[in-house]
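Sequential numbering from 7 applies to the sequence shown in our numbering.
Where a beta carbon is used, it is the ideal one built from N, C-alpha and C, also for glycine.
None of the values given here were measured: they were computed from a predicted structure.
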Amino acid sequence: MTTRWGLGLLVIGLLAAGFWVLRGPASADDKQIAAYAGQCPRWVRLAEELLTFEGSIPERCEHISGGSVFSSGHVYKATPNIEVLVSASTDPATPVPHSVVIRDTNSKASVTYNAEALALVK
7 MTTRWGLGLL VIGLLAAGFW VLRGPASADD KQIAAYAGQC PRWVRLAEEL LTFEGSIPER
67 CEHISGGSVF SSGHVYKATP NIEVLVSAST DPATPVPHSV VIRDTNSKAS VTYNAEALAL
127 VK
């Protein structure tokens, strides 16, 4: 019985190490998070006439979560009621994300922009 538990823990440890290796370098992910945080206010301004904002739009959005092995998306907080869900591009060299969903957490209304639309925003 103890041998089974030991082998089970070894397999779990090897899987966790494998996922960590597949995750890639942390610095590349950190750079992507910072780049998206800087671009986020511009994306939010695109939806300014479509959603109601509480407070003002910051210079940089706050990174809330994301960027794990299981998810290529990131969640940012722009204002107290606005979250920005960013689906990262499959090509790490591309600074434009695959899509961005700007969501009002109070009304559940949202606006989605795809990569082509985001590439036009400077």
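Residue environment, residue i, which counts as buried when at least 16 other CB atoms sit within 10 Å
i	result
Val27	Its pLDDT being 48, under 50, Val27 is placed unreliably by the model, and the measurement read from it follows with that caveat. Under this definition Val27 is an exposed residue.
Leu13	exposed
Gly30	Bear in mind that a pLDDT of 49 at Gly30, under 50, signals an unreliable position, so the number given afterwards is only what the model happens to contain. So Gly30 ends up on the exposed side.
Val127	exposed
Thr9	exposed
Ala32	Any reading at Ala32 must be qualified, since the residue scores a pLDDT of 49, below 50, and its modelled position is unreliable; no value is offered.
Ala115	exposed
Asn112	exposed
Sub-8 Å separation of residue i and residue j beta-carbons
i	j	result
Cys67	Val102	no
Leu57	Asp97	no
Asn87	Glu60	yes
His104	Ala125	no
Ile18	Ala53	no
Selection from the options that minimises the alpha carbon distance to residue i
i	options	result
Gln45	Pro64, Glu55, Phe59 and Leu13	Pro64
Thr118	Val50, Val106 and Val127	Val106
His69	Asp35, Ser116, Glu55 and Gly61	Asp35
Ser71	Ala123, Gln38 and Leu52	Gln38
Ala123	Ile18, Ala115, Ser113 and Trp49	Trp49
Pro47	Ser113, Val92 and Asn112	Val92
In DSSP terms, what residue i is bridged to
i	result
Lys130	Nothing about residue 130 can be reported from this structure: the residues present for the chain run from 7 to 128 only.
Thr118	Val107
Supposed contact pair residue j and residue i - C-beta distance, whole angstroms, cut 8 Å
i	j	result
Ala43	Tyr82	6 Å
Gly79	Ala99	Contact flag wrong, Cβ pair sits at about 18 Å.
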